[in-house]
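Note sheet for the following structure.
There are 2 protein chains.
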Amino acid sequence: MMKETGNRFPSRLLEEAVDEFASLPGIGRKTAFRLVMHLLRRDPEEVKRFGEAVTRLRNEVCYCKICHGISDNPVCDICSDSARDISLVCVVENVQDVMAVENTRQFKGVYHVLGGIISPVDGIGPSDLTISLLEERIKEGTIKEVILALSTTMEGDTTNFYIYRKLHPLGINITTLARGVAIGDVLEYTDEITLGQSIINRREFTLPGKSS
Amino acid sequence: MMKETGNRFPSRLLEEAVDEFASLPGIGRKTAFRLVMHLLRRDPEEVKRFGEAVTRLRNEVCYCKICHGISDNPVCDICSDSARDISLVCVVENVQDVMAVENTRQFKGVYHVLGGIISPVDGIGPSDLTISLLEERIKEGTIKEVILALSTTMEGDTTNFYIYRKLHPLGINITTLARGVAIGDVLEYTDEITLGQSIINRREFTLPGKSS
């Protein structure tokens, strides 16, 4: 923890709170000090709620035993929702990606959260992820299709390839997200690989409102 | 509290923690989410310490009954330090300014923290500050000199003027910080008011090492 030398705090409690905020990524000591001074001016009840939210977060949050996403209960709201199609599983890297897909309101299946992506540089191998648990889930026999929804980076492609090799013998459909020119993108500024792929994977033109 | 609509969190605890961080000034919901995800990956003991530091800060920090600065005890370390000159009082706006003066290691007197500055725009009048408590302190008879060390803004000047009028009848020395070209400043880029004042208040040239 970086510390400006000679900065003598008039209160140890103040210094400790500044130290804690400054330990967060992207927050320097000046910002930490500003945040702490803000908290000191707030209502004591509000600050108590802040402190408790942080403590409870780490102590009480758990991981869903089916999809391994962050949850308040042993089985998350999505996995326990009987309206969702449990034969269709979307494989994502983390809970942010679950939220991104949920926000589209286009997906009625369930998820499998890998908890990361294969990245030898960061020392993350297949055994650090929930890939073998995905295999076990599929062997139970309910899952018919797995959508690989990982980032289109080298690490994402490596992870896709690894999972594909593991799941292929299990005889289920393995799909991936459509890649192409994003809606609202100017063609001139679209990278050549995306544009090239979207020409190869071109689809029949349909009039607006007539597309499925 | 601004909230992106339709952002469905998989965990209420997660959402609460994000809400709390996003309520801090200058922290948006994306940054709040990033900070919370960081805390989830940290050691539970560390996160507990974070939460407790926040709660204890607001509950246990008090204000020194002499200088009204932030303190862990009813009388702060500076006011209870017998090596300091209690006849010399530096009047500052807040605890950050106490720390700024302390860091110069040039001041051996004590402080009086106003808790703000007169600012009609923000609805802060003299009665919101500790000015009358400063008068009482002076009437006790120990204080010989008061240094007004407020910002050189219109609000600072207004506050200086108000305090001067209140303290003048009490027969003590009232001084203010020297204003002039900052050390390291390039003359070309110094604003004309500062430069003009520093010409009017010019002092005798002394060779380095010979100045008092």
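In order, the protein sequences belong to chains A and B. 3 is the number of the first residue of the first sequence in my numbering; add one for each residue after it. 3 is the number of the first residue of the second sequence in my numbering; add one for each residue after it. Beta carbons: idealized from backbone N, C-alpha and C, even for Gly. Please read all numbers here as calculations on a predicted model, not as lab measurements.
Item                                                                                                                                                                          : Value
Within 10 Å of its beta-carbon, does residue 18(A) have 16 or more other beta-carbons around it, so buried, or fewer, so exposed?                                             : buried
Taking C-alpha atoms, which residue in 70(A), 204(A), 57(A) and 123(A) lies nearest to residue 135(A)?                                                                        : 70(A)
Between the C-alpha atoms of residue 76(B) and residue 66(B), what's the straight-line distance to the nearest angstrom?                                                      : 5 Å
For residue 207(A), count neighbouring Cβ atoms within 10 angstroms of its own Cβ and tell me buried if that reaches 16, exposed if not.                                      : exposed
Using only the alpha-carbon positions, how far apart do residue 146(B) and residue 113(B) sit?                                                                                : 13 Å
Whole alpha helix (DSSP H) runs in the stretch 129-153 of chain B with 4 or more residues, listed along the chain?                                                            : 133-141
If we define contact as Cβ-Cβ less than 8 Å, is residue 92(A) a contact residue for chain B?                                                                                  : no
Counting only beta-carbon separations shorter than 8 Å, does residue 84(A) have a partner in chain B?                                                                         : no
Evaluate contact between the stretch 50-58 of chain A and the stretch 43-62 of chain B, counting only Cβ atoms and requiring at least three cross-stretch pairs below 8 Å.    : yes
With burial defined as no fewer than 16 other Cβ atoms inside 10 Å of the residue's Cβ, what is the status of residue 24(A): buried or exposed?                               : buried
Answer yes or no: does any C-beta atom of chain E fall closer than 8 Å to that of residue 123(A)?                                                                             : No chain E is present in this structure, whose protein chains are A and B.
In or out: residue 161(A) buried (at least 16 other Cβ within 10 Å) or exposed?                                                                                               : buried
Determine the contact status of residue 99(A) and residue 184(A), defining contact as a CB-CB distance below 8 Å.                                                             : no
Would you report the Cα separation of residue 73(B) and residue 80(B), rounded to the nearest angstrom?                                                                       : 10 Å
At a Cβ threshold of 8 Å, is residue 46(B) touching chain A?                                                                                                                  : yes
Please list, in chain order, the chain A residues whose beta carbon lies closer than 9 Å to that of residue 14(B).                                                            : 74
With a threshold of 7 Å on Cβ separation, who are the neighbours of residue 202(B) within its own chain once the five nearest residues in sequence on each side are excluded? : none
Residues in its own chain within less than 8 Å of residue 37(A) by CB, not counting five upstream and five downstream?                                                        : 23 and 29
Determine, for residue 203(A), whether the minimum Cβ-Cβ distance to residues of chain B falls below 8 Å.                                                                     : no
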